[in-house]
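A.B. asks: Residue numbers (our numbering): 109 to 441.
For glycine and all other residues, C-beta sits at the position ideal for the given N, C-alpha and C.
Quick one: this structure, given as structure tokens, is what I'll be asking you about.
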Amino acid sequence: MGGGVRSYVLLGGGGVFAVHFAKYLLEETSAERVICVGRNPPRSPAYTLDVGKGDTRYAYHQVHIVFEQDRLFELFDREKPEVIVNFAALAYATSWEKSYRYYDTNVVALAHMCEDLMKRDYLKRFIQIGTSELYGSVGRPVAEDSPVQPTSPYAVSKLAGDMHLDTLWKVRKFPMNIIRPSNAYGPGQLLYRVLPRAVYCGLTGRKLPLEGGGTVKKSYIHARDLARAIWLIGEKAPFGRTYNAGPAEPSSIRSLVDMVADSLGMAPDALYQISPGRVGEDQQYWLDSSLIKRDLGWEPQISLKAGIADMVAWGRKYLEYLSDEDARFVLRA
């Protein structure tokens with residue numbers, strides 16, 4: 109696959125979705141330089157998926173975007189990326205504890221960075237990875253211009269970041285786009301997320317705590333489909349436009365876990381036990397993705413069944429690298 113963009117920097121580059129996007133760029137496009145920037149050292153192969161191994165087009169740099177923006181801009185000015193994709197975020201829905209940290213990363217650091225990026229003429233496009241959570245719980249598919257109703261500090265912080273970028277485009281013509289994916293998943297995802305945790309529990313004989321009986325419905329998109337959507341935006345989206353990206357229908361957490369059990373060849377009740385639901389949790393996420401389909405020709409290609417089989421294969425391959433410690437969310441600066 110061809111394409112016009114030759115150089116990328118991916119912020120939040122140690123996270124699963126940046127890893128998949130980097131792999132997509134290196135394997136499917138003519139990108140000549142892919143730089144990942146993350147706050148942590150590289151993780152084990154279970155989480156890096158050996159992205160860029162032996163490929164001179166790829167590099168990883170440990171830089172903190174909140175506390176080390178001087179170092180970050182030294183890197184930017186040295187590499188002169190045409191496209192910067194911002195995966196970096198504090199991203200956890202139950203964000204009431206130390207909620208100010210979500211604003212530090214998701215709003216303040218973003219505003220600081222973009223103000224300085226406006227002075228760099230090498231940057232052709234800035235792509236912000238947003239979230240569908242800012243729409244809140246919905247009963248029908250929601251489009252990009254639907255009312256927003258965030259229900260957590262995390263969702264509010266992401267909405268504030270989006271609004272800042274939108275204003276930068278409208279007033280200063282900062283060349284940006286925003287993509288709001290539905291609930292993404294894929295090999296390499298940390299175990300505090302329900303799907304990889306279900307796979308891990310099934311492979312190790314543990315019981316998955318199924319919060320609230322798994323009645324909450326979410327819309328799942330494979331990391332590879334998300335990567336293709338981001339690439340298309342970088343190649344040909346009109347500046348200033350925000351895109352939803354998700355499947356046509358949502359799925360309950362219970363049905364998702366049942367599919368994991370089926371893929372593992374075990375009875376569902378052997379995989380999970382019912383636990384109390386989270387107070388105030390949104391009950392359904394559902395996106396209208398017709399705009400990205402119309403503008404860019406994007407549609408998800410990986411079915412949920414195939415994606416779960418992919419996750420199970422990943423779990424089997426890397427089981428020795430996975431541990432219970434990875435199944436707990438830890439808030440880091």
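#1: When you compare each of V264, I286, G244 to D65 by their alpha carbons, which one comes out closest?
#2: Relative to the alpha-carbon of L180, which residue among L119, K131, A199, Y166 has its alpha-carbon at the smallest distance?
#3: Only counting runs of 3 or more residues, tell me where the beta strand (DSSP E) segments fall wholly within the stretch 286-313, in order along the chain.
#4: Give the range of the alpha helix (DSSP H) segment to which E176 is assigned.
#5: What's the C-alpha gap between Y308 and L427?
#6: Please state the DSSP three-state secondary structure of T350.
#7: What does the alpha-carbon distance come out to for the pair F195 and G121?
#8: Suppose the cutoff is 6 Å on Cβ atoms and the five residues either side in sequence are ignored; what does the same chain contact list for G268 look like?
#9: Counting Cβ pairs, one atom from each stretch, are 3 or more of them under 8 Å apart for the stretch 313-320 and the stretch 147-154?
#10: Going by beta carbon distance, what residues of the same chain come within less than 7 Å of P261, once the five residues before and after it are set aside?
#11: Go to S265, then tell me how far its alpha helix (DSSP H) extends in each direction, as first and last residue.
#12: How about L395 and S240: are their beta carbons less than 8 Å apart?
#13: With distances taken Cα to Cα, identify the nearest neighbour of S371 among Y351, T323, L303.
#14: Just to confirm, does E176 get its C-beta within under 7 Å of one of the non-hydrogen atoms of the ligand FMN?
#15: If you draw a straight line from the alpha carbon of E182 to that of W277, how long is it in whole angstroms?
#16: Using CA atoms only, rank isn't needed, just tell me which of D377, R186, Y393, Q257 is closest to A353.
#17: So, using beta-carbon positions, are P189 and I143 closer together than 8 Å?
C.D. replies: Taking the definition as stated:
#1: In the structure as shown, the chain begins at 109 and stops at 441. Residue 65 is therefore absent and cannot be evaluated.
#2: Here residue 180 is taken as the residue at index 72 of the sequence shown, counted from 1. Ranking L119, K131, A199, Y166 by Cα distance to L180 puts L119 first.
#3: 291-293
#4: For the purposes of this step, residue 176 is identified with residue 68 of the sequence shown, where counting begins at 1. Counting along the chain, E176 falls outside any alpha helix (DSSP H), and DSSP gives it neither H nor E.
#5: By one-based count along the sequence shown, residue 308 stands at place 200. By one-based count along the sequence shown, residue 427 stands at place 319. Near 8 Å, if we compare the C-alpha coordinates of L427 and Y308.
#6: As a first step, residue 350 must be located in the sequence shown, where it is residue number 242. Reduced to three states, the DSSP call for T350 is strand.
#7: Taking the sequence shown and counting its residues from 1, one reaches residue 195 at position 87. Taking the sequence shown and counting its residues from 1, one reaches residue 121 at position 13. Cα-Cα distance, rounded: 7 Å.
#8: For the purposes of this step, residue 268 is identified with residue 160 of the sequence shown, where counting begins at 1. The amino acid at residue 268 is misidentified as Gly; the sequence shows Ala. Around A268: V215.
#9: no
#10: What you label residue 261 is simply residue 153 of the sequence shown in a count that begins at 1. Contacts found: S203, W204, S207, Y210.
#11: In the sequence shown, counting from the first residue as 1, residue 265 sits at position 157. Residues 261-280.
#12: In the sequence shown, counting from the first residue as 1, residue 395 sits at position 287. In the sequence shown, counting from the first residue as 1, residue 240 sits at position 132. Contact flag set, yes.
#13: Translated into positions along the sequence shown, residue 371 becomes position 263. When only C-alpha atoms are compared, the closest one is L303.
#14: Because no ligand of any kind appears in the structure shown, any question about the ligand FMN cannot be addressed here.
#15: In the sequence shown, the residue the question calls residue 182 occupies position 74. In the sequence shown, the residue the question calls residue 277 occupies position 169. The straight-line gap from Cα to Cα measures roughly 24 Å.
#16: Indexing the sequence shown from 1 puts residue 353 at position 245. Comparing Cα-Cα distances from A353 to each of D377, R186, Y393, Q257, the minimum goes to Y393.
#17: Locating residue 189 in the sequence shown gives position 81, where the first residue counts as 1. Locating residue 143 in the sequence shown gives position 35, where the first residue counts as 1. Yes, the Cβ-Cβ distance between P189 and I143 is below 8 Å.
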